[in-house]
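Letter by letter, the sequence shown follows residues 3 to 180 in our numbering.
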Amino acid sequence: MATDPPRLIAHLDMDAFYASVELLRYPELRGLPVVIGGGSRHQPTATVDPGTGRAVRTFSKLRGYTGRGVITTATYEARALGLHSAMGLMKAAALAPDAILLPTDFDAYRKYSRLFKVAVSDIAPQIEDRGIDEIYIDLTGVNLPEHGDAVQEPGNEAWWRAREVAKAIKDAVRAATG
Numbered sequence: 003m004a005t006d007p008p009r010l011i012a013h014l015d016m017d018a019f020y021a022s023v024e025l026l027r028y029p030e031l032r033g034l035p036v037v038i039g040g041g042s043r044h045q046p047t048a049t050v051d052p053g054t055g056r057a058v059r060t061f062s063k064l065r066g067y068t069g070r071g072v073i074t075t076a077t078y079e080a081r082a083l084g085l086h087s088a089m090g091l092m093k094a095a096a097l098a099p100d101a102i103l104l105p106t107d108f109d110a111y112r113k114y115s116r117l118f119k120v121a122v123s124d125i126a127p128q129i130e131d132r133g134i135d136e137i138y139i140d141l142t143g144v145n146l147p148e149h150g151d152a153v154q155e156p157g158n159e160a161w162w163r164a165r166e167v168a169k170a171i172k173d174a175v176r177a178a179t180g
């Protein structure tokens, strides 16, 4: 009696998704403590450097923040300073006054959400959407073009094959989103 191949379901949760999107939009902030959660008055401003003619962006910092806002998410560098989601921005300002403060931009997050989900579905068409930054992926029977065989071998082989598919998904998401 033949048995069905084991189902392989992967969970993909894009940790610090909003912060990652902001770092794609503002690559000069990579490596810096950045928190997302300020209102629109904390939008970066651009000026032209008269000496070079290049646009220079200026970002708000937590220093002197007053208000009742909370951190939506934070980069790993900000987390290392003790900042985290749901923390009040005034408390965050006391802990890390020089951290960069950016407002939320849900249009940008939706755009990047669509990009990463399309990249995944091009490899593994059966996905279950669980939110802006989270999906479940059915890897059962997924073929990688360069291998031809599907993720359906019994036992440990299936897990190693799933790992290859996961790497392909990671590479596809990176290519689609930057």
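Glycine is no exception: its CB is placed at the ideal position from the N, C-alpha and C atoms.
Roughly how many angstroms separate the alpha carbons of residue i and residue j, rounded to a whole number?
{"i": "Phe-118", "j": "Glu-166", "result": "18 Å"}
{"i": "Ala-121", "j": "Gly-33", "result": "26 Å"}
{"i": "Tyr-114", "j": "Asp-173", "result": "15 Å"}
{"i": "Gly-69", "j": "Gly-90", "result": "9 Å"}
{"i": "Asp-6", "j": "Ala-170", "result": "25 Å"}
{"i": "Tyr-67", "j": "Met-92", "result": "6 Å"}
{"i": "Arg-65", "j": "Asp-100", "result": "6 Å"}
{"i": "Thr-77", "j": "Asp-51", "result": "28 Å"}
{"i": "Arg-163", "j": "Ile-139", "result": "14 Å"}
{"i": "Ile-129", "j": "Val-144", "result": "12 Å"}
{"i": "Val-1", "j": "Pro-8", "result": "Examination of residue 1 is not possible in this model, given that the chain is present from 3 through 180 alone."}
{"i": "Arg-59", "j": "Pro-29", "result": "11 Å"}
{"i": "Leu-10", "j": "Leu-103", "result": "40 Å"}
{"i": "Ala-48", "j": "Met-16", "result": "29 Å"}
{"i": "Ala-57", "j": "Pro-46", "result": "12 Å"}
{"i": "Val-175", "j": "Leu-85", "result": "27 Å"}
Classify residue i as helix, strand or coil using the three-state DSSP reduction.
{"i": "Arg-56", "result": "coil"}
{"i": "Val-122", "result": "helix"}
{"i": "Ile-134", "result": "coil"}
{"i": "Val-167", "result": "helix"}
{"i": "Val-37", "result": "strand"}
{"i": "Leu-31", "result": "helix"}
{"i": "Asp-6", "result": "coil"}
{"i": "Asp-15", "result": "strand"}
{"i": "Gly-180", "result": "coil"}
For residue i, does the count of other Cβ atoms within 10 angstroms reach 16, so buried, or fall short, so exposed?
{"i": "Phe-19", "result": "buried"}
{"i": "Arg-116", "result": "exposed"}
{"i": "Val-153", "result": "The predicted position of Val-153 is uncertain, since its pLDDT is 47 and thus under 50; no value can be drawn from it."}
{"i": "Leu-26", "result": "exposed"}
{"i": "Tyr-111", "result": "buried"}
{"i": "Ala-177", "result": "exposed"}
{"i": "Gly-133", "result": "exposed"}
{"i": "Asp-135", "result": "buried"}
{"i": "Ala-80", "result": "buried"}
{"i": "Ala-2", "result": "Lying before the first or after the last residue shown, residue 2 is absent from the chain, which here runs from 3 to 180."}
{"i": "Gly-41", "result": "exposed"}
{"i": "Gly-150", "result": "Confidence is the limiting factor: at Gly-150 the pLDDT is only 49, short of 50, which leaves the residue's position unreliable, though a coordinate-based value still follows. The residue in question, Gly-150, is exposed, as its Cβ has fewer than 16 Cβ neighbours within 10 Å."}
Since residue i contacts residue j with CB under 8 Å, what's their CB separation in whole angstroms?
{"i": "Ile-261", "j": "Thr-106", "result": "Missing from the structure shown is residue 261; the chain here goes from 3 to 180 and no further."}
{"i": "Ala-98", "j": "Leu-83", "result": "4 Å"}
{"i": "Ala-21", "j": "Val-36", "result": "6 Å"}
{"i": "Leu-14", "j": "Ile-137", "result": "5 Å"}
{"i": "Thr-75", "j": "Ser-87", "result": "5 Å"}
Using a Cβ cut-off of 9 Å (strictly closer), state whether residue i contacts chain C.
{"i": "Ala-101", "result": "Note that chain C does not occur in the displayed structure, where there is just one protein chain."}
Practice prompt. Could you tell me which uninterrupted alpha helix (DSSP H) segments, each at least 4 residues in length, are contained entirely in the stretch 40-108, listed from first to last along the chain?
Written response: Within the stretch 40-108, the runs of alpha helix (DSSP H) that reach at least 4 residues and sit entirely inside it are, in chain order, 78-81, 91-97.
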